[in-house]
Structure formats: structure tokens, C-alpha cells
Amino acid sequence: GENVEQHPSTLSVQEGDSAVIKCTYSDSASNYFPWYKQELGKRPQLIIDIRSNVGEKKDQRIAVTLNKTAKHFSLHITETQPEDSAVYFCAASIGRNNDMRFGAGTRLTVKP
Amino acid sequence: NAGVTQTPKFQVLKTGQSMTLQCAQDMNHNSMYWYRQDPGMGLRLIYYSASEGTTDKGEVPNGYNVSRLNKREFSLRLESAAPSQTSVYFCASILTGGNQPQHFGDGTRLSIL
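Protein chains in written order, with my numbering: chain A, 22 to 133; chain L, 10 to 122.
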């Protein structure tokens, strides 16, 4: 079936460095790709999303790029801060009803 | 405007017991979803309801049933709980299908002994 692969599973960076998380998907019909941040014990919260008619989207220190031909998309966080430490999930839409497939998550640790 | 509300927040069951997890949203959203989250496996879709009166299976529906009681409420039932169903359960909703972010509840942490 359709699935989403996410790498790496853990990522540790120094404060101020950049962090990149990559995802690949299998369904060529996927057209919506959100990214969620989940802090320990909390709900997932949307941080940025991209639709298939756009190749890149940026919001302050966060950017997402999409390559539909290669079926992969990436999250880029610049000038990382300790409060960026969390688990990040990518997702891809499946089918007509916004059914989503999630990646397994990346635990990002930003060291002060 | 509370968003998506899940009850209970925590529950411990014995194997074989039954349980209904409740979810309600006050955003007038059409579509609602139930996910389970296990360590290292992300969020996996159990069931979803694209609109009031309809429900469909997701990736991992076995052992669960759902009811879309009305537009606001979408419940998840475990008829005979098993230890493999120990997980954190999240409910989510969106206004309508297609290209929109899901709004999540705070989750229900369920342990089955």
C-alpha cells in the first residue's frame, strides 16, 4: 500500500546550525504534504505545508521543498534554537478524503 | 472554541474489557479521523469519517469500531481490548476533504494489561 518513509529517525544539531529532514512517498496522486511538530506529551501541531503545484515554501526559519518527479519532500530549519527540539512528522495525502499517511517521525535535539 | 476534545485523557483496561473513546469538535468540520501512535511508528489511521453518516477503514482497523454520532462527534470503540492496543489515540478533524491540515485533539493514553 501507500507509505511514507522519513529520515533520519534522530537528529542532533548545535544551536544555530541548520536541520534537514527528508521524506519520500509512493503514491503519485499525493498532492498535499504537511509537516507537524510534536512536543513530549502534546498533540501534533502543523508547522508548514505544501501543495503539489508549488516547489518550495518558506515561513521565517522553516522551509519545505517538494520534488514531485522524485516523490520526495524535505523540511529545512535554519538557525535552530533549543525550543525547536521535538519530534517532527511528515505526511502525504492519499485518496479523495484527505486520508493521510505519516512518516515514522524524526526526533530533533538542539544542543545549546 | 475548544477545537477537538478527547475523553478520557488516560485509561487502564484489563484484557477483554470494552471501552469507548470519545471525540468532539466544535469547528463545524465535516471529516474526522482516529489515529493510534506507537513509538517509532508515527501516526497510523484506524478509521475515518469523510462526512456525517459515513465511515471508512484506514490502515489498521482490526479490533476497532467507530460511530459518527452526528457532525460533532466521532467515537472509537474497543469491543475486547488486547495488550497490542496499548497506545496513544488521537482524534483529528478537517473542514472538508482535500489539501488541508488536520486539527488534532490532545490524545488518549490507553494501557491494556
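For each residue, glycine too, the CB sits at the ideal point set by N, CA and C. Only a predicted model underlies this, so the values are computations on that prediction, with no experimental measurement involved.
Closest Cα partner of residue i within the set the options
i: Ile98 of chain A; options: A:Ala125, A:Lys92, A:Ala91 and A:Gln81; result: A:Gln81
i: Met36 of chain L; options: L:Pro70, L:Leu30 and L:Gly12; result: L:Gly12
i: Asn52 of chain A; options: A:Lys43, A:Arg72, A:Val131 and A:Ser106; result: A:Arg72
i: Thr90 of chain A; options: A:Tyr46, A:Leu129, A:Asp105 and A:Glu60; result: A:Tyr46
i: Glu68 of chain L; options: L:Gly49, L:Tyr44 and L:Asn79; result: L:Tyr44
i: Ala33 of chain L; options: L:Pro92, L:Pro17 and L:Leu22; result: L:Pro17
Cβ-based neighbour list, residue i, same chain, cut-off 6 Å, excluding 5 preceding and 5 following
i: Gly126 of chain A; result: Val108 and Phe110
i: Glu88 of chain L; result: Ser27
i: Thr29 of chain L; result: Ser84 and Arg86
i: Asp70 of chain A; result: Pro55
Contact belief for residue i with residue j at Cβ below 8 Å, rounded distance in angstroms
i: Glu26 of chain A; j: Gly124 of chain A; result: 7 Å
i: Gln31 of chain L; j: Gln15 of chain L; result: 7 Å
i: Leu52 of chain L; j: Phe99 of chain L; result: 7 Å
i: Arg64 of chain A; j: Gly49 of chain L; result: Wrong, their Cβ atoms sit about 19 Å apart, outside the cutoff.
i: Tyr57 of chain A; j: Ala113 of chain A; result: In fact, because the Cβ distance is near 12 Å, the residues do not count as touching under 8 Å.
Beta-carbon gap between residue i and residue j smaller than 7 Å
i: Val34 of chain A; j: Thr101 of chain A; result: yes
i: Asp47 of chain L; j: Ser120 of chain L; result: no
i: Ser106 of chain A; j: Val131 of chain A; result: yes
i: Arg118 of chain L; j: Phe19 of chain L; result: yes
i: Tyr73 of chain L; j: Tyr57 of chain L; result: no
i: Ala101 of chain L; j: Gln109 of chain L; result: no
7 Å Cβ shell around residue i - same chain, five flanking residues per side excluded
i: Glu61 of chain L; result: Arg77, Asn79 and Lys80
| field | Residues from the region 58–75 of chain A in contact with chain L, defined by Cβ distance under 8 Å | value | Lys63, Arg64, Pro65, Gln66, Leu67, Asp70 and Arg72
| request: Give, in chain order, every residue of the region 103–115 of chain L whose Cβ lies closer than 9 Å to some Cβ of chain A. | output: Ile103, Thr105, Gly106, Gly107, Asn108, Gln109, Pro110, Gln111, His112, Phe113, Gly114 and Asp115
| query | In chain order, what residues of the region 68–83 of chain L put their CB closer than 7 Å to some CB of chain A? | reply | none
| Mind listing which residues of the region 33–63 of chain L have their C-beta closer than 7 Å to chain A's C-betas, in chain order? | Ser40, Gly49, Met50, Gly51, Leu52, Leu54, Tyr57 and Ala59
| message | Along the region 18–33 of chain L, where does the CB come closer than 7 Å to a CB of chain A? Name the residues. | response | none
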